[in-house]
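Working notes, structure below.
There are 2 protein chains.
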Amino acid sequence: MAAWGERLAGVRGVLLDISGVLYDSGEGGGVPIAGSVEAVARLKQSRLKVRFCTNESQKSRGHLVGLLRHLGYDISEGEVTAPAPAACLILRERGLRPHLLVHDGVRSEFAQVDTSNPNCVVIADAGEDFSYQNMNKAFQVLMELENPVLISLGRGRYYKETSGLMLDVGAYTKALEYACGIEAEVVGKPSPEFFKSALQQMGVEAHQAVMIGDDIVGDVGGAQRCGMRALQVRTGKFSPKCGA
Amino acid sequence: MAAWGERLAGVRGVLLDISGVLYDSGEGGGVPIAGSVEAVARLKQSRLKVRFCTNESQKSRGHLVGLLRHLGYDISEGEVTAPAPAACLILRERGLRPHLLVHDGVRSEFAQVDTSNPNCVVIADAGEDFSYQNMNKAFQVLMELENPVLISLGRGRYYKETSGLMLDVGAYTKALEYACGIEAEVVGKPSPEFFKSALQQMGVEAHQAVMIGDDIVGDVGGAQRCGMRALQVRTGKFSPKCGA
Chain L
22 MAAWGERLAG VRGVLLDISG VLYDSGEGGG VPIAGSVEAV ARLKQSRLKV
72 RFCTNESQKS RGHLVGLLRH LGYDISEGEV TAPAPAACLI LRERGLRPHL
122 LVHDGVRSEF AQVDTSNPNC VVIADAGEDF SYQNMNKAFQ VLMELENPVL
172 ISLGRGRYYK ETSGLMLDVG AYTKALEYAC GIEAEVVGKP SPEFFKSALQ
222 QMGVEAHQAV MIGDDIVGDV GGAQRCGMRA LQVRTGKFSP KCGA
Chain E
22 MAAWGERLAG VRGVLLDISG VLYDSGEGGG VPIAGSVEAV ARLKQSRLKV
72 RFCTNESQKS RGHLVGLLRH LGYDISEGEV TAPAPAACLI LRERGLRPHL
122 LVHDGVRSEF AQVDTSNPNC VVIADAGEDF SYQNMNKAFQ VLMELENPVL
172 ISLGRGRYYK ETSGLMLDVG AYTKALEYAC GIEAEVVGKP SPEFFKSALQ
222 QMGVEAHQAV MIGDDIVGDV GGAQRCGMRA LQVRTGKFSP KCGA
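Quick note, the sequences are listed as chains L and E, same order.
Per my numbering, the very first residue in the first sequence carries number 22; after that it's consecutive.
Per my numbering, the very first residue in the second sequence carries number 22; after that it's consecutive.
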């Protein structure tokens, strides 16, 4: 195995996943993963550019950053690439008016979006709001559209909270895809557009960047397909059994 | 197109789907589909053998039959092939102890089944009981098993209630399959074993039987793959757009 220096030669920017890499979310705001507060501080003091690249879609960026700052991280809202703002850009560009199947915590990100007479569905990690009634409403909206458009904020299978593994938005997206016989458009990792926007925001080329995450598909695979290097941490949802 | 007499030559038995063919379920027990009470009565007065072959997994057979009799149908519990009793046989044969992700209405079918220390999950049409909490519990049970076994009572995408289209068990099965990286074993239509047990119960060979249903995949496709003939009605979830 090549030495770290060799493997990371030419790296100018570091993209950090948040959940499972910096902290495990959960009751009371979650808990930091040992050493991560210090690691972020050292990275930001180095010559490297740092950006936080998350699929968090249950909380607004403001809420997420407030929570992380409270846990001791040096992080600001402008340093975070998250799927909800990326989705808002797409909605605006394409004149789409979404029915929102999202958690109340992220609804403020869509405050400027016209949601009247919906012509698409946006699904995010709705957590407890993934009730049968809410899923069925989104399903019915899609079935009534001539060309059903489903925009999914990520494809994650699950994430780790302090209380255990939790179903993520990808599972519920699959349910709607199957029921409607359609394929969702994914905003967030592992979508190449999402990684590219993060790279652009930090002014770094793909070959100069390394992605650090706990998800072998969303983080590692997605970044590598964009020409980036990637490292999988052994925290968060990492499992020695399947590497994911 | 061949005449009806020719297409149905040699038919000795008729398998009838229930939801969307006999009645549309919904508030207050649902409503019969015009002409179906009389059609069942005529079939049963004929020389044909009749069996009801349903993927209903939200209600016990007793409850379902009571409801249909109340609507005027000539039907008894012993004439119904349903997935919950079929699943119970499989559980017993293989020494499986299920965690049940099912509606309270069908729980009585599993009264004789050992559910302590579960080594598999059985998922049925849980309706409103498909809460995030219940889905997540089933997911966690599967993730803790070395060889996760998921038994699904059907693969239906949706069904029609009087209030509109409703997500069926297949959508939620897909969600768990995706989250756990596994494939469910399906009990119910379109599983060949399920159709074969219905044929056996009525003492008719596949080539002597016709299945009548509203689902192009579960009813028509499944029956045809078993060597039966099949007819799709234009009631229930049938849609001229997609035939399903």
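Just so you know, even glycine gets a beta-carbon here, dropped at the ideal spot from N, CA and C.
Just so you know, these numbers come straight off a predicted model, no measurement behind them.
If the criterion is Cβ atoms closer than 8 Å, does the pair L:G34 and L:R72 meet it?
For the purposes of this step, residue 34 of chain L is identified with residue 13 of the first sequence, where counting begins at 1. For the purposes of this step, residue 72 of chain L is identified with residue 51 of the first sequence, where counting begins at 1. Taking C-beta atoms as the reference points, L:G34 and L:R72 count as a pair closer than 8 Å.
Whole angstroms are fine: how far does the CA of E:I203 sit from the CA of E:V190?
As a working note, residue 190 of chain E is residue 169 in the second sequence. As a working note, residue 203 of chain E is residue 182 in the second sequence. C-alpha separation (whole angstroms): 16 Å.
Boundaries of the beta strand (DSSP E) in which L:V35 is found, first to last residue:
If you number the first sequence from 1, residue 35 of chain L lands on position 14. Segment 34-37, the beta strand (DSSP E) holding L:V35.
Tell me which residue opens and which closes the alpha helix (DSSP H) that L:M249 is part of.
Residue 249 of chain L sits at position 228 when you count from the first residue of the first sequence. First-last for L:M249: undefined, no H or E at that position.
Taking 8 Å as the limit between beta carbons, can you name the residues of its chain near E:A147, skipping five residues before and five after?
Indexing the second sequence from 1 puts residue 147 of chain E at position 126. Closer than 8 Å at Cβ, skipping near neighbours: Q79, L122, V123, H124, N155, V190, Y193.
From E:G26, E:N76, E:I172, pick the residue whose C-alpha is nearest to that of E:S40; which is it?
One-based indexing of the second sequence puts residue 40 of chain E at position 19. When only C-alpha atoms are compared, the closest one is E:N76.
Just checking: is the beta-carbon of E:L186 within a distance shorter than 8 Å of some beta-carbon in chain L?
Mapped onto the second sequence, residue 186 of chain E falls at position 165. So yes, E:L186 belongs to the interface.
Looking at L:G257 and L:D235, is the spacing between their C-beta atoms short of 8 Å?
Position 214 of the first sequence, counted from the start, is the residue given in the question as residue 235 of chain L. Position 236 of the first sequence, counted from the start, is the residue given in the question as residue 257 of chain L. Contact flag set, yes.
Flag E:E77 as yes if its beta-carbon sits less than 8 Å from any beta-carbon of chain L, otherwise no.
One-based indexing of the second sequence puts residue 77 of chain E at position 56. No, E:E77 lies away from the interface with chain L (no Cβ there is under 8 Å from its Cβ).
Buried or exposed (CB count within 10 angstroms, at least 16 for buried), L:S173
Taking the first residue of the first sequence as 1, we reach residue 173 of chain L at position 152. By the neighbour-count criterion, in which 16 or more other beta carbons inside 10 Å mark a residue as buried, L:S173 falls on the buried side.
What residue does the beta strand (DSSP E) around E:S218 start on, and which one ends it?
For the purposes of this step, residue 218 of chain E is taken as residue 197 along the second sequence, with counting starting at 1. Segment 213-223 is the alpha helix (DSSP H) holding E:S218; no beta strand (DSSP E) there.
Proximal residues of chain E, C-beta to C-beta of L:E149 below 9 Å:
As a first step, residue 149 of chain L is located in the first sequence; it is residue number 128 there, counting from the start. Within chain E, the C-beta atoms nearer than 9 Å to that of L:E149 come from S152, Y153, Q154, in chain order.
From the DSSP output, in three-state form, read off L:P104 for me.
Residue numbering aside, residue 104 of chain L sits at position 83 when the first sequence is read from its first letter. When secondary structure is reduced to three states using DSSP, L:P104 falls in the helix class.
Please state whether DSSP places L:S46 in a helix, a strand or coil.
For this step, residue 46 of chain L is matched to residue 25 along the first sequence. Strand at L:S46.
For a cutoff of 8 Å on Cβ pairs, would you count L:Q229 as touching chain E?
Indexing the first sequence from 1 puts residue 229 of chain L at position 208. No, because no Cβ of chain E sits closer than 8 Å to the Cβ of L:Q229.
Return the CA-CA distance between E:Q84 and L:E165, expressed in angstroms with no decimal places.
The count along the second sequence starts at 1 and reaches residue 84 of chain E at position 63. The count along the first sequence starts at 1 and reaches residue 165 of chain L at position 144. Residue identity check: residue 84 of chain E is His in the sequence provided, not Gln. Cα to Cα, E:H84 sits roughly 32 Å from L:E165.
Could you name the residues that DSSP lists as bridge partners for L:Y180?
Taking the first residue of the first sequence as position 1, residue 180 of chain L is located at position 159. According to DSSP, which records beta bridges pairwise, L:Y180 is partnered with L:M187.
Whole-angstrom C-beta distance between E:E130 and E:L171, which should lie under 8 Å
In the second sequence, counting from the first residue as 1, residue 171 of chain E sits at position 150. In the second sequence, counting from the first residue as 1, residue 130 of chain E sits at position 109. Not really, about 18 Å apart at Cβ, beyond 8 Å.
What runs of the alpha helix (DSSP H), each 4 residues or longer, lie entirely inside the stretch 112-197 of chain E?
As far as the stretch 112-197 of chain E is concerned, its whole alpha helix (DSSP H) runs of at least 4 residues are 153-165.
Flag E:Q253 as yes if its beta-carbon sits less than 8 Å from any beta-carbon of chain L, otherwise no.
Translated into positions along the second sequence, residue 253 of chain E becomes position 232. Not flagged as an interface residue toward chain L: E:Q253, since no C-beta distance is shorter than 8 Å.
So is E:G264 in contact with chain L if we call contact Cβ pairs under 8 Å?
Sequence index remark: in the second sequence, residue 264 of chain E carries index 243 (1-based). Reliability of the predicted coordinates at E:G264 is poor, the pLDDT of 48 falling under 50, and no value is obtained from them.
Is the CB of L:G248 under 8 Å away from at least one CB in chain E?
Your numbering for residue 248 of chain L matches position 227 in the first sequence. No, L:G248 lies away from the interface with chain E (no Cβ there is under 8 Å from its Cβ).
Who are E:K258's beta bridge partners in DSSP?
Locating residue 258 of chain E in the second sequence gives position 237, where the first residue counts as 1. Residue pairing from DSSP leaves E:K258 without any beta-bridge partner.
Is it true that the CB of L:R128 sits closer than 8 Å to the CB of L:A103?
Position 82 of the first sequence holds residue 103 of chain L. Position 107 of the first sequence holds residue 128 of chain L. Here L:A103 is not near L:R128, since their CB atoms are 8 Å or more apart.
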